Amino acid sequence: MEKALYHPTSGFYATGRTRTGQGGDFLTPVSPGPVLGELLARQADEIHETLGRPPIFNLIEQGADTGWLARDLFLSVQKNHPRLASTARLHLVEPHPALQQIQHRTLDAAGLTKSVQWHASWKEFPGSSTPCFFYSCELVDSFPVKILQFRDGAWRQKAVGEKDARLVWHVQEADPDTRTEIQRWKPPEVEGNTMELRPGVEPWVQSWAKKIPCGMVVTLDYGFPAAQLFSPARSGGTLVAIRNHQRVQDPLLNPGELDLTAHVNFTELEDLAAARGWKNYGLTDLARGLTTLAAPLLKEDSNLPEAWIRNFRHLTHPSFFGQSHQILVQGKGLPGTFCPSMVMKI
Ligand SMILES: C[S@@+](CC[C@H](N)C(=O)[O-])C[C@H]1O[C@@H](n2cnc3c(N)ncnc32)[C@H](O)[C@@H]1O
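Residues in the sequence shown are numbered from 1 upward in steps of one, following the working numbering.
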């Protein structure tokens, strides 16, 4: 999965071909238009205000891909949130040079490149006391997974090998660390049950938690809390291969030409961040999270443009992104009584 998605010259994402949107291979919540960026800008402004309007404030995105969400969010900050705009710096964590170039073009066309800095990884992101709003959309689902299957009374790893110039599955013993990790999630030990583990998640949380002193982290993705993710309802696992808006049955076909993705274990993200002093404010679906954020706009402005309403419905409707996608909101250094709008009950 690592090679198929990120090989420097032929990985699905590393080539810089457009993968998201109508002209790509799949749609994401960024695809329907600028409303997601606009609503995230409202959440960022609320945090900036809650922290007493600090003189420098970092907006950070990782996995920005085309750069559309960063553009939409930053343009909205400039237009609608002047106090945040005068202090905000945009940072993109992007390891792939081809994607950095695309993001550069997107932000340049919107006149924003002066306010942006790129970092190839979190290691290069400067540690400081500056508060941050770090957001990502469909980033974690694209971190490589290990596939485990319960067979003949034990958990085994489905590894990928080569036979007659084709990639094939071969099943091997799971190593002791993997077996310990599996037990942590208590998946049903039923013949054929399949699950994924994502080894890149812990180092990822570790790296942002080390560099962000306070503020908010918003992780938008599809997935479930562990109890639901590893329940008998998902006994086939969640790995999916996609090309040209269609599901492909064999994920080993045409490596580098298919998107490979698996659902996110949000309990893992909550536990890892909590162990590093971060408070979990809540996990909510996109429909609820964005509706609470948009509530003042929906009340104040009965003349919202038709295109805005269509974009908002696309994000919140249960048959589009409204229920499939979740938002995890985590924070540090915020007042004890504070509750982010995104997870507020309405
Ligand atoms: C499913 S796409 C989502 C793109 C975009 N955020 C959106 O929602 O339309 C996943 C993106 O995450 C990026 N990605 C995966 N691992 C990454 C990492 N460690 N650092 C930065 N980006 C990463 C991929 O290159 C790809 O651009």
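Glycine included, C-beta positions come from ideal geometry on N, C-alpha and C. In this text the structure is predicted, and so the values were computed from the model without any measurement.
Around the C-beta of Ser-121, are 16 or more other C-beta atoms found within 10 angstroms, so that it is buried, or is it exposed?
Position 121 of the sequence shown, counting from 1, holds the residue named residue 121. Label assigned to Ser-121: exposed.
Within this structure, are the beta carbons of Pro-340 and Glu-61 separated by less than 8 Å?
Counting from one through the sequence shown, the residue named residue 340 turns up at place 340. Counting from one through the sequence shown, the residue named residue 61 turns up at place 61. The answer is no: Cβ separation not under 8 Å.
Quick check on Arg-276: does DSSP put it in helix, strand or coil?
The residue you call residue 276 lines up with position 276 of the sequence shown. Residue state, collapsed to three classes: coil.
Return the bridge partner residues of Lys-146 from the DSSP annotation.
Residue numbering aside, residue 146 sits at position 146 when the sequence shown is read from its first letter. According to the DSSP secondary-structure assignment, Lys-146 is paired through a beta bridge with Leu-197.
Counting along the chain, where does the alpha helix (DSSP H) carrying Trp-185 start and finish?
Taking the first residue of the sequence shown as 1, we reach residue 185 at position 185. Unbroken alpha helix (DSSP H) run through Trp-185: 176 to 185.
Does the contact criterion of 3 or more C-beta pairs under 8 Å hold for the stretch 127 to 146 versus the stretch 61 to 74?
yes
Output yes or no for whether 8 Å exceeds the beta carbon distance between Asp-221 and Gln-326.
Here the question's residue 221 lines up with position 221 in the sequence shown. Here the question's residue 326 lines up with position 326 in the sequence shown. Cβ atoms of Asp-221 and Gln-326: closer than 8 Å.
Applying the criterion that 16 or more other CB atoms from any shown protein chain within 10 Å of the CB defines a buried residue, is Arg-288 buried or exposed?
Your numbering for residue 288 matches position 288 in the sequence shown. Buried, because 16 or more other Cβ atoms sit within 10 Å of the Cβ of Arg-288.
In terms of residue numbering, what span does the beta strand (DSSP E) encompassing Phe-134 cover?
In the sequence shown, the residue the question calls residue 134 occupies position 134. For Phe-134, the enclosing beta strand (DSSP E) stretches over residues 132 to 137.
Using the beta-carbon count (16 or more within 10 Å), is Asp-65 buried or exposed?
Sequence index remark: in the sequence shown, residue 65 carries index 65 (1-based). Under this definition Asp-65 is a buried residue.
Between Ala-4 and Pro-199, which are expected to be in contact by the criterion C-beta below 8 Å, what is the C-beta distance as a whole number of angstroms?
Residue 4 sits at position 4 when you count from the first residue of the sequence shown. Residue 199 sits at position 199 when you count from the first residue of the sequence shown. 16 Å between Cβ atoms; not a contact.
Where does Thr-20 sit, in a helix, a strand or coil, going by DSSP?
For the purposes of this step, residue 20 is taken as residue 20 along the sequence shown, with counting starting at 1. The answer is strand: DSSP assigns Thr-20 an E or B state.
Range covered by the beta strand (DSSP E) that runs through Trp-122:
As a first step, residue 122 is located in the sequence shown; it is residue number 122 there, counting from the start. No beta strand (DSSP E) contains Trp-122, which DSSP labels as neither H nor E.
Cβ-heavy atom distance between Gly-63 and ligand 1 below 7 Å?
In the sequence shown, residue 63 corresponds to position 63, counting from 1. Yes, ligand 1 has a heavy atom inside 7 Å of this Cβ.
Taking the Cβ atom as the reference point for each residue, do Ala-110 and Gly-16 lie within a distance shorter than 8 Å?
In the sequence shown, the residue the question calls residue 110 occupies position 110. In the sequence shown, the residue the question calls residue 16 occupies position 16. No, they are not a contact pair.
Given a threshold of 16 other Cβ atoms within 10 Å of its Cβ, counted over all protein chains shown, does Ser-129 qualify as buried or as exposed?
One-based indexing of the sequence shown puts residue 129 at position 129. Answer is exposed; the Cβ neighbour count stays below 16.
Checking 8 Å against the spacing of the C-beta atoms, do Val-168 and Arg-156 come in under that value?
Position 168 of the sequence shown holds residue 168. Position 156 of the sequence shown holds residue 156. For Val-168 and Arg-156, no; Cβs fall outside 8 Å.
Should Pro-8 be counted as a contact of ligand 1 given a C-beta to heavy atom distance under 7 Å?
Here residue 8 is taken as the residue at index 8 of the sequence shown, counted from 1. Incorrect: Pro-8 has no Cβ contact closer than 7 Å to ligand 1.
Does DSSP put Thr-28 in a helix, in a strand, or in coil?
Working through the sequence shown from its first residue, we reach residue 28 at position 28. Three-state DSSP puts Thr-28 in coil, outside helix and strand.
So, under 8 Å CB-CB, Thr-194 and Gln-249 are touching, yes? Tell me the CB distance rounded to an integer number of Å.
The residue given as residue 194 occupies position 194 in the sequence shown. The residue given as residue 249 occupies position 249 in the sequence shown. The Cβ separation is near 15 Å, so there is no contact.
Span of the alpha helix (DSSP H), counted from its first residue to its last, around Gln-228
Counted from its first residue, the sequence shown places residue 228 at position 228. 226 to 229 is the extent of the alpha helix (DSSP H) around Gln-228.
Same chain only: Cβ atoms within 7 Å of Trp-118, ignoring 5 sequence neighbours per side:
Residue 118 sits at position 118 when you count from the first residue of the sequence shown. Counting only Cβ-Cβ distances below 7 Å, and skipping sequence neighbours, we find Leu-92, Glu-94, Gln-100.
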